[in-house]
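Asker:
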Amino acid sequence: MADQIPLHPVPRSTQRRAAYYTSAATAQRHNRYQVEDESSHLDEMPLMMSEEGFENDESDYHTLPRARISQRRRGLEWFICGGWKFLCTSCADWLINLCRRKKELKARTVWLGCPEKCEEKYPKNAIKNQKYNIFTFIPGVLYEQFKFFLNLYFLVVSCSQFVPALKIGYLYTYWAPLGFVLTVTVVREAVDEFRRYKRDKEMNSQLYSKLTVRGKVQVKSSDIQVGDLIIVEKNQRIPSDMVFLRTSEKTGSCFIRTDQLDGETDWKLKVAVSCTQRLPALGDLFSISAYVYAQKPQLDIHSFEGTFTREDSDPAVHESLSIENTLWASTVVASGTVIGVVIYTGKETRSVLNTSNPKNKVGLLDLELNQLTKALFLALVALSVVMVTLQGFVGPWYRNLFRFLLLFSYIIPISLRVNLDMGKAAYGWMIMKDDNIPGTVVRTSTIPEELGRLVYLLTDKTGTLTQNEMIFKRLHLGTVSYGTDTMDEIQSHIINSYSQVHSQNSGNSTSSTPSRKPQSSAPKVRKSVSSRIHEAVKAIALCHNVTPVYESRAGVSGETEYAEVDQDFSDENRTYQASSPDEVALVQWTESVGLTLVSRDLTSMQLKTPGGHILTYYILQIFPFTSESKRMGIIVRDESSGEITFYMKGADVAMSTIVQYNDWLEEECGNMAREGLRTLVVAKKSLTEEQYQDFEIWMLTGDKLETATCIAKSSHLVSRTQDIHIFRPVTTRGEAHLELNAFRRKHDCALVISGDSLEVCLKYYEHEFVELACQCPAVVCCRCSPTQKAHIVKLLQHHTGKRTCAIGDGGNDVSMIQAADCGIGIEGKEGKQASLAADFSITQFKHIGRLLMVHGRNSYKRSAALGQFVMHRGLIISTMQAVFSSVFYFASVPLYQGFLMVGYATIYTMFPVFSLVLDQDVKPEMALLYPELYKDLTKGRSLSFKTFLIWVLISIYQGGILMYGALLLFESEFVHVVAISFTALILTELLMVALTIRTWHWLMVVAEFLSLGCYVASLAFLNEYFGIGRVSFGAFLDVAFITTVTFLWKVSAITVVSCLPLYILKYLKRKFSPPSYSKLTS
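The sequence shown: position 434 = 434 (my numbering), numbered continuously.
1) Could you give the distance in angstroms between the alpha-carbon of Tyr208 and the alpha-carbon of Leu420?
2) Answer with buried or exposed for Ala750, where buried requires no fewer than 16 other C-beta atoms within 10 angstroms of its C-beta.
3) How far does the alpha helix (DSSP H) with Gln391 in it reach, from first residue to last?
4) Might you give, ordered along the chain, the residues of its own chain that have their beta carbon closer than 7 angstroms to the beta carbon of Gln34, omitting 5 neighbours on each side?
5) Within the same chain, show all residues whose beta-carbon is closer than 7 angstroms to that of Ser335, passing over the 5 residues directly before and after it, in chain order.
6) Would you give the residue range spanned by the beta strand (DSSP E) that Ser686 belongs to?
7) What's the C-alpha gap between Leu416 and Val993?
8) Buried or exposed: Thr547, going by 16 or more other Cβ atoms within 10 Å of its Cβ?
9) Sorted by chain position, which residues of the same chain lie with C-beta nearer than 6 angstroms to Glu305's C-beta, five sequence neighbours on each side aside?
10) Are three or more beta carbon pairs between the stretch 535 to 547 and the stretch 643 to 660 nearer than 8 angstroms?
11) Do the CB positions of Glu324 and Ala290 come within less than 8 angstroms of each other?
12) Using alpha carbons as the reference points, say which of Lys128, Gln606 and Glu591 lies closest to Glu348.
13) Across which residues does DSSP place Val549 in a beta bridge pair?
14) Would you be able to state if there are at least three C-beta pairs under 8 angstroms between the stretch 368 to 375 and the stretch 266 to 279?
15) State the DSSP-derived secondary structure class of Ala806, mapped to helix, strand or coil.
16) For Asp638, which three-state DSSP category applies?
17) For Asp1103, I'd like the list of residues in its chain whose CB is within less than 7 angstroms of its CB, leaving aside the five on either flank, ordered along the chain.
18) Under a Cβ-count criterion, where at least 16 other Cβ atoms within 10 Å of its own Cβ denotes burial, should Pro6 be classed as buried or exposed?
19) Helix, strand or coil for Ser915 per DSSP?
20) Between Leu155 and Leu178, which are expected to be in contact by the criterion C-beta below 8 angstroms, what is the C-beta distance as a whole number of angstroms?
21) Is the stretch 810 to 830 touching the stretch 400 to 417 in the sense that three or more CB pairs, one from each, lie closer than 8 angstroms?
22) Helix, strand or coil, according to DSSP, for Ser1078 in the structure here?
23) Is it right to say Ser1076 is buried, meaning 16 or more other beta carbons lie within 10 angstroms of its own, or is it exposed?
24) If you follow the alpha helix (DSSP H) that Gln206 is in, where does it begin and where does it stop?
25) Measuring CA to CA, which of Val1005, Ile1042, Phe1009 and Leu1003 is closest to Phe1021?
26) Suppose you measure from the CA of Ser1141 to the CA of Cys118; what does that come to, to the nearest Å?
27) Between which two residues does the beta strand (DSSP E) holding Trp397 run?
28) For the 8 angstroms Cβ check, are there 3 or more pairs between the stretch 382 to 402 and the stretch 876 to 888?
29) Roughly how many angstroms separate the alpha carbons of Val730 and Ala736, rounded to a whole number?
30) At a cut of 8 angstroms, does the stretch 814 to 828 reach the stretch 419 to 436 through at least three beta carbon pairs?
31) Kindly indicate which three-state DSSP category Lys890 falls into: helix, strand or coil?
32) Using only alpha-carbon positions, find the residue among Val341, Thr446, Val854 and Ala329 that is nearest to Asp262.
33) Tell me whether Thr731 sits in a helix, a strand or coil according to DSSP, three-state version.
34) Between which two residues does the alpha helix (DSSP H) harbouring Gln958 extend?
35) Beta carbon of Thr609, beta carbon of Leu595: below 8 angstroms?
36) Which same chain residues end up closer than 7 angstroms to Ala654 when comparing Cβ atoms and leaving out the 5 residues on each side of it in sequence?
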């Protein structure tokens, strides 16, 4: 019974379902997915991922993925705990959608060169990446700032100072810090917005040639309309989605680069509509009456359905259109010149439909501090109410309540935002100045701490991980093996072999077979090796899908129709393009040993021998690589001899059962794999004309599952011994159900799944699939669309609540990068689009380790310490104010004047506190050596309610000691209370910074002594500010008093009592319960 599907059936129809499960479990393999007609059964068999044993009614099935999520708080509790925010957001979204209601997308008929015939108005072909316009900029930026409680609180407190009855101190003490924060934010946003505007303007102003009845005219990209005939030159970006009508290439096809659309660096072959390609001249496009019928705009970049119709011919010409007849926007023409008719513009193009709007990212640390700020606010209100209650609600008590709220407002220090923003800027500067990760750019300076809190890392696999570079290292022919140091021997064999062929051809024009007659002095074995090398190199040179591409000569002018004539076919000007870097590496190797691929089209390819002769082979059939077959094949006919040969290459596991038996293949493939080399087996078979005619043709579209698996192993994402579950292709709910159950029975197994199967699973079993996938050590999704990538990121965020990071290097990764909590772009072969859209830009994938383990760790730890210390600094002075007010009959009079309060948060303590941004708990080398240390950070223990509560207790203890100590020890004049308590307070803060620091930096020492020097100088020269409240309330400070031994011992005594117990506790904690990192450093 172990093979039966372990489901928890619902109470109804138990017998019928039991029979279904038994039949499903014992069914033959070919019947496994024949459940199309059994949808009624599927409605009754929800897939359970945990052993909770839900008992759902049949009608509950459709809401199953959200069952656990929806059964949460309801009523008043839900409203208080965030429901109000949800309702406000929903209302705002509804109003926005009402104002800009989206037009329904429809299929369309597009007449060639006649935009005026369009039945509907289509969107403008303009790129717009700006977040704001001139009217929404200031309101938008201010909303983003004041939607956080911290900033909104500061704004209310600052505005209250305009009311005379509530005024405490000077206006600048409140407005200067708030104004500084807002100014920095507005300027930063304005600069970013202006950069986006310039980039958009540059793209929209690019000029293109538009074909009209009167000839060619230049138009801006943004002025292109549906129906226009646009000419796109080589290396020019395609401005909108078009149907490919015509090309300057004689073959009627061209190559385009799609790396900014789908992330694949191989060039794609596109085929022109044959009816328009056959026209004698460009101008003839206006002499025919033709139109394109195109499906409505879709997200899918890999499919297209449409028809081309020419009405004025008899009979009318109808051509079906597919993906290979399209030129999508944001791709680049790689060969020749193309002419296309525009079918989709602007927001309806595939590239824009697959791009999500960038969101304003907020770090988890900022959200946590925002929550702590709310807790502090509740404490502030409670303390103020207690004070007014103890006053007995006398007089205008509500005014006194508000004054107490302002007096204790330093509980939530306004300098918190200033310090954190400056800290973030410092972390960004340190990242960009790190010599170990050169070229790294911080584009979003607000979230460096996120780098230290990441749980899920989502990376684009192909070029990002492998750099798309392969080198041919080894050739094994059974009896002899050649490595990189013996390739010259192969080259000499090839030169000799082909020189014999052509010398024989010159004597006998009918014979083209290489002469197998050895030289008289050569041993017999030599003949065998030479001929095998000849055949092996020829097989590798012919069995591939590589196309050689040549650059046009610089400075050649003339009609684009004849551009191909002006191309330079020299060896220096040749580059190779293919769907895989492996393919290019093979052809480059054959070129290095003397056999060069010089030309290829849809029907033939040409090889150049070492002697410069051209060999032509006609392509009769190509069998593309698929994950099922694990091999690719090609059948060619030699032009000179007419011989038909079938070449095949593939993975050793697939080829070993096909090729003629030998005793060395398996062993040698194993040896190469252990060296870390990717192995490929190449074979050939000569076919007669009859055998070729009887040949069974197999052709399947490759989904690159095998490529994904290979890359997962070679990048050590999955260890070579670990099991990999390749998720079978599924298209229906029944298939997904059975395949998920098969996967569920696997344990500690990596998952490889294609985008199509993923879409089906998420449609019917979203919650269950995510729950299963999150238990895997690694998941590889291949052939994913840009939208799917972003959707996966959002799913992880929604279902797990953990922080995600997306890494990519192509335009197809932009949506994923923008959706993730932290986006990292790599500047690579696929351009800079991902790099520009990312929060952090790096030059190599290997730099991610240091970026996360070192800079992420330091940024998070430092900001956590800095944020809590700044709050401690506000709490301690608020505690002192509370003690002072309670002693003096609960009077709402400030203990310290405005200047001292500003000085306390700035020149007296700012430098030492800010120097915490230089602190580090472990050395960078140690952090990289022990990645386990990073796992501790994801638990968020550096900043939590527990650590916050500890700091609150420290603040209350120290504030009470400082104030009661000063009141206890003051002498003749009460003004001494201010001098003694404030001096002890400054010393306590400086000592607390020293207590918090884990690794000293010379700048920290300078900051400590600089602050102390500034304070001593102000005692001597600014003594009028040490009065009680405003100057009129008390006397000036007696300068002579601060130089006495009495003053010094009293300040010292209070400071020692406030700090010494904490130093002792820290020593005991490190001795008996040391943190994990200290065990390593010791």
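For every residue, glycine included, the Cβ atom is placed at its ideal position computed from N, Cα and C.
Answerer: With the structure as the only source:
1) Taking the first residue of the sequence shown as position 1, residue 208 is located at position 208. Taking the first residue of the sequence shown as position 1, residue 420 is located at position 420. Spanning the two alpha carbons is a distance of roughly 48 angstroms.
2) Taking the first residue of the sequence shown as 1, we reach residue 750 at position 750. Label assigned to Ala750: buried.
3) Locating residue 391 in the sequence shown gives position 391, counting from the first residue. From DSSP, the alpha helix (DSSP H) with Gln391 extends over Leu364 to Gln391.
4) For the purposes of this step, residue 34 is identified with residue 34 of the sequence shown, where counting begins at 1. Caution is warranted here: a pLDDT of 41 is assigned to Gln34, below 50, making its placement in the model unreliable, and no coordinate value can be reported.
5) Looking up residue 335 in the sequence shown gives position 335. Closer than 7 angstroms at Cβ, skipping near neighbours: Lys234, Glu249, Cys254, Phe255 and Val549.
6) Here residue 686 corresponds to residue number 686 of the sequence shown, with the count starting at 1. Counting along the chain, the beta strand (DSSP E) containing Ser686 begins and ends at Val681 to Leu687.
7) Against the sequence shown, residue 416 aligns to sequence position 416. Against the sequence shown, residue 993 aligns to sequence position 993. So the two alpha carbons sit approximately 16 angstroms from each other.
8) Translated into the one-based positions of the sequence shown, residue 547 becomes position 547. Buried.
9) Working through the sequence shown from its first residue, we reach residue 305 at position 305. Contacts found: Gln295.
10) yes
11) Numbered from 1 along the sequence shown, position 324 holds the residue referred to as residue 324. Numbered from 1 along the sequence shown, position 290 holds the residue referred to as residue 290. Cβ atoms of Glu324 and Ala290: not closer than 8 angstroms.
12) Your numbering for residue 348 matches position 348 in the sequence shown. The residue with the shortest Cα to Cα distance from Glu348 is Lys128.
13) Position 549 of the sequence shown holds residue 549. Looking at the DSSP assignment, Val549 forms a beta bridge with Thr575.
14) no
15) Position 806 of the sequence shown, counted from the first residue, corresponds to residue 806. Looking at Ala806 - three-state DSSP - the assignment turns out to be strand.
16) Within the sequence shown, the letter at position 638 stands for residue 638. Here Asp638 sits in strand by DSSP.
17) Residue 1103 is absent from the structure shown; the chain starts at 1 and stops at 1082.
18) Counting from one through the sequence shown, the residue named residue 6 turns up at place 6. With a pLDDT of only 36 at Pro6, under the threshold of 50, the placement of this residue in the model should not be trusted, and no figure is reported.
19) Counted from its first residue, the sequence shown places residue 915 at position 915. Helix.
20) By 1-based counting over the sequence shown, the position of residue 155 is 155. By 1-based counting over the sequence shown, the position of residue 178 is 178. That belief holds up - the Cβ atoms of Leu155 and Leu178 are roughly 7 angstroms apart, short of 8 angstroms.
21) no
22) Translated into the one-based positions of the sequence shown, residue 1078 becomes position 1078. Note: Ser1078 maps to helix in three-state DSSP.
23) By 1-based counting over the sequence shown, the position of residue 1076 is 1076. Exposed.
24) Taking the first residue of the sequence shown as 1, we reach residue 206 at position 206. No alpha helix (DSSP H) contains Gln206, which DSSP labels as neither H nor E.
25) Counting from one through the sequence shown, the residue named residue 1021 turns up at place 1021. Of the candidates Val1005, Ile1042, Phe1009 and Leu1003, the one whose C-alpha sits nearest the C-alpha of Phe1021 is Ile1042.
26) With the chain represented from 1 up to 1082, any question about residue 1141 goes unanswered, as that position is not in the structure.
27) Indexing the sequence shown from 1 puts residue 397 at position 397. Run containing Trp397: none in the beta strand (DSSP E); it sits in the alpha helix (DSSP H), Trp397 to Leu407.
28) yes
29) Mapped onto the sequence shown, residue 730 falls at position 730. Mapped onto the sequence shown, residue 736 falls at position 736. Straight-line Cα distance between these residues: approximately 6 angstroms.
30) no
31) Walking along the sequence shown from the start, residue 890 turns up at place 890. Going by the sequence as given, residue 890 is Phe instead of Lys. The answer is coil: DSSP assigns Phe890 none of H, G, I, E or B.
32) If you number the sequence shown from 1, residue 262 lands on position 262. Comparing Cα positions, the closest option is Ala329.
33) Here the question's residue 731 lines up with position 731 in the sequence shown. Coil, per DSSP.
34) Working through the sequence shown from its first residue, we reach residue 958 at position 958. Phe945 to Leu969 is the span of the alpha helix (DSSP H), which, as asked, contains Gln958.
35) Here residue 609 corresponds to residue number 609 of the sequence shown, with the count starting at 1. Here residue 595 corresponds to residue number 595 of the sequence shown, with the count starting at 1. Closer than 8 angstroms, so yes.
36) Numbered from 1 along the sequence shown, position 654 holds the residue referred to as residue 654. Cβ neighbours of Ala654 beyond the five flanking positions: Ser629, Lys630 and Arg631.
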